[in-house]
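Step one of this worksheet: look at the structure below.
There are 2 protein chains.
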Amino acid sequence: VKVAALAGGVGGAKLLVGLQRVASDLTAVVNTGDDAVMYGVRVSPDVDIVTYWLAGIADRKRGWGLRDDTFHVVEALGKLGIENWFSLGDQDFATCLYRTQRLASGATLAETIDEVRTNLGVPVRILPMTNDAVATRIVTSDGRTLEFQEYFVKERCRPDVREVRFAGISEATPAPGVLAALENADKVVICPSNPLLSIGPILALPGVRGSLRNHPRVVAVSPIVKGAALKGPADRMLESMGYGASASAVARMYDDFLDAYVVDVSDPEEAEKVAATGIEVLSVDTLMIDDSASESVARAALS
Amino acid sequence: VKVAALAGGVGGAKLLVGLQRVASDLTAVVNTGDDAVMYGVRVSPDVDIVTYWLAGIADRKRGWGLRDDTFHVVEALGKLGIENWFSLGDQDFATCLYRTQRLASGATLAETIDEVRTNLGVPVRILPMTNDAVATRIVTSDGRTLEFQEYFVKERCRPDVREVRFAGISEATPAPGVLAALENADKVVICPSNPLLSIGPILALPGVRGSLRNHPRVVAVSPIVKGAALKGPADRMLESMGYGASASAVARMYDDFLDAYVVDVSDPEEAEKVAATGIEVLSVDTLMIDDSASESVARAALS
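Protein chains in written order, with our numbering: chain A, 750 to 1052; chain B, 750 to 1052.
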């Protein structure tokens, strides 16, 4: 079965690991709205998380970065007086430096991502949602506008979020292959990534949402279990932005294209609510505590 | 006593450690001809060696880089297919990245060096010979022209050298403070650094050699002991370029400005040869095996 999956950070990466085991052909379309230049290098956190997880070299406990990585560069920069709240491991730094130099020499972001994943032995095609500059910005309830990494890392998601903006999104185009991957997929999977921060930017790209509406088989896995996000600020954001923090609320955000929805087995009321809207619902254990758990969720999503 | 010293890499750094203990006021003028951009960052190897030695954080055994540094960034770049023959430690990388970003934001090289040495607690003023781009290039006996780091690191100084060129030198000016430091110094010390690769570029800068000729007290420490360089390719270069590999040959290269010369105690014939030309000669143990040995050589040079 030919699968295209929209993904952001860790939640997406975990499901992709399962999909990699089940799908005969898998293309991951990954959020780049949290890309930034840090310490002079282009970080692409969601893309790198996905790549490292699929390569089997991710720091699974921490969720981001590489297993057994060190932080000597960033620590040394701190000693030189550079603000170093953005943690970036030394090997991770090398990935970003590689990307930076390739971009400087004229490569597209997609090319650099493909080179890195190939070098790391990842058989799955990893596409950035776009080669263009899109910057996720957070408007807080107290009226500040923060760059995504300021909100996410520096302020540790503490501020209440009033609005999420994607600067540059209307001039951006999906990266080459993104729309084709969606159209040609037997099934499109929306990973259990943050619907506002990770899936949101991809859906906001011109052409993507329309392509999903036209697709006969789009299935999402709920990122919310019993009102809580498994990781990150999705639940609090869904509340503060008025969507409500529940599996069914996320399904509503996708209801113009959603054909099937995977809900955690511990959320039967949410499953019923979504089923009542005519969307096919599967209730399974969605906690992806290891690779075989990821595979089970992937099988459910593709069933 | 107010001292200005011209220095290159390890030999210069060792003597500077001694001079730092003896001089009341010390300015180091350091070669930048071996500066380059590596992995997207500006390396300034001689400046950094000197800074790390004076800060007491150098890897004394290896000579360059920082004690207990790791090489994770460069190793990871290698895994991504980047040529990584230029070893650069992770903390060392941070120094170079700091410099790169400050230069990009409009700082001069001298400013970045002053910031780093201040941050690392070095009380000695460290001046780059110039803020301008000067690139040492090596013409080999087989007719190739190599960038300095290609010759020095990639080819490990193996090629025979026919000629040393300093690209950009005639348009370069000494960094602010360099000529003043030389003029105002009670004594100018030429460190036992490679006379062709380390001292050569500084002397070739417009104004420097003339300033030394006018100075009443210029003393050099021989980098050659019993026909051999203590470190690096100076001896082989002096031979292949026709100067001869001896302490007296180096004194001859400096004879238009040299007032005194420190020769190793194991080289009495060389001492006599130089003394016969009217230059004051001191014979001492010039092997700087530790800081107190460096201090002894510094005391001799300033006596």
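For every residue, glycine included, the Cβ atom is placed at its ideal position computed from N, Cα and C. Quick caveat, the model's predicted, so the values are computed rather than measured.
Between the CA atoms of residue j and residue i - distance to the nearest angstrom
i                       : j                       : result
residue 769 of chain B  : residue 766 of chain A  : 58 Å
residue 802 of chain A  : residue 788 of chain B  : 26 Å
residue 980 of chain A  : residue 760 of chain A  : 8 Å
residue 865 of chain A  : residue 806 of chain A  : 13 Å
residue 773 of chain A  : residue 953 of chain A  : 28 Å
residue 793 of chain A  : residue 947 of chain A  : 12 Å
residue 875 of chain A  : residue 915 of chain B  : 46 Å
residue 925 of chain B  : residue 991 of chain B  : 34 Å
residue 1000 of chain A : residue 776 of chain A  : 23 Å
residue 930 of chain B  : residue 811 of chain B  : 31 Å
residue 844 of chain A  : residue 896 of chain B  : 26 Å
residue 998 of chain B  : residue 850 of chain B  : 42 Å
residue 878 of chain A  : residue 785 of chain A  : 15 Å
residue 984 of chain A  : residue 819 of chain A  : 31 Å
residue 832 of chain A  : residue 826 of chain A  : 8 Å
residue 933 of chain B  : residue 880 of chain B  : 21 Å
residue 859 of chain A  : residue 853 of chain A  : 14 Å
residue 907 of chain B  : residue 899 of chain B  : 11 Å
residue 758 of chain A  : residue 838 of chain B  : 30 Å
residue 847 of chain B  : residue 965 of chain B  : 39 Å
residue 1014 of chain A : residue 1030 of chain A : 11 Å
residue 735 of chain B  : residue 1010 of chain B : The requested residue 735 of chain B does not occur in the structure, where chain B is confined to residues 750 to 1052.
residue 1036 of chain B : residue 870 of chain A  : 51 Å
residue 796 of chain B  : residue 1017 of chain B : 33 Å
residue 905 of chain A  : residue 982 of chain A  : 9 Å
residue 1022 of chain B : residue 840 of chain A  : 55 Å
residue 960 of chain B  : residue 808 of chain B  : 34 Å
Chain A within 8 Å of residue i, Cβ atoms only
i                      : result
residue 897 of chain B : no
residue 828 of chain B : yes
residue 831 of chain B : yes
residue 846 of chain B : yes
residue 769 of chain B : no
residue 849 of chain B : yes
N- and C-terminal bounds of the alpha helix (DSSP H) containing residue i
i                       : result
residue 1017 of chain B : 1017 to 1024
residue 874 of chain A  : That residue, residue 874 of chain A, is in no alpha helix (DSSP H); its beta strand (DSSP E) goes 874 to 877.
residue 788 of chain A  : Note, residue 788 of chain A: premise wrong, no alpha helix (DSSP H); not H, not E.
residue 831 of chain B  : Segment: none, residue 831 of chain B is in no alpha helix (DSSP H) and carries neither H nor E.
residue 861 of chain A  : 858 to 868
residue 961 of chain A  : 957 to 962
residue 935 of chain B  : Where residue 935 of chain B is concerned, there is no enclosing alpha helix (DSSP H), given that its DSSP letter is neither H nor E.
residue 1043 of chain A : 1040 to 1051
residue 841 of chain B  : 839 to 853
residue 770 of chain A  : 759 to 771
Residue i classed as buried or exposed, judged by whether at least 16 other C-beta atoms fall within 10 angstroms
i                       : result
residue 1060 of chain B : No answer is possible for residue 1060 of chain B: the residues shown for chain B start at 750 and end at 1052.
residue 1025 of chain B : exposed
residue 780 of chain A  : buried
residue 942 of chain B  : buried
residue 861 of chain A  : buried
residue 1039 of chain B : exposed
residue 963 of chain A  : exposed
residue 872 of chain B  : exposed
residue 890 of chain A  : exposed
residue 1019 of chain A : buried
residue 817 of chain A  : exposed
residue 813 of chain B  : buried
residue 753 of chain B  : buried
residue 855 of chain B  : exposed
Cβ of residue i within 8 Å of any chain B Cβ
i                      : result
residue 808 of chain A : no
residue 843 of chain A : yes
residue 839 of chain A : yes
residue 801 of chain A : no
Test: residue i CB closer than 8 Å to a CB of chain C
i                      : result
residue 851 of chain B : Absent from the structure is chain C; the protein chains it does hold are A and B.
The beta strand (DSSP E) enclosing residue i, as first and last residue numbers
i                       : result
residue 895 of chain B  : 894 to 896
residue 1003 of chain A : Neither: residue 1003 of chain A is in no beta strand (DSSP E) and is coded neither H nor E.
residue 886 of chain B  : 884 to 889
Practice item. Check each residue of the region 774 to 793 of chain A: if its Cβ is closer than 9 Å to any Cβ of chain B, include it; give the result in chain order. Key: Against chain B - using a Cβ distance shorter than 9 Å - the residues of the region 774 to 793 of chain A are 788, 789, 790.
Exercise for review: Note down, in chain order, all residues in the region 813 to 825 of chain B with a beta-carbon under 7 Å from any beta-carbon belonging to chain A.
Suggested key: Listed by position, the residues of the region 813 to 825 of chain B near chain A (Cβ gap below 7 Å) are 819, 821, 822, 825.
Practice item. Using a Cβ-Cβ cut-off of less than 9 Å, give me the residues of the region 855 to 887 of chain B that come near chain A, in sequence order. Key: So the list reads 864, 865, 868, 869, given in the order they occur along the chain.
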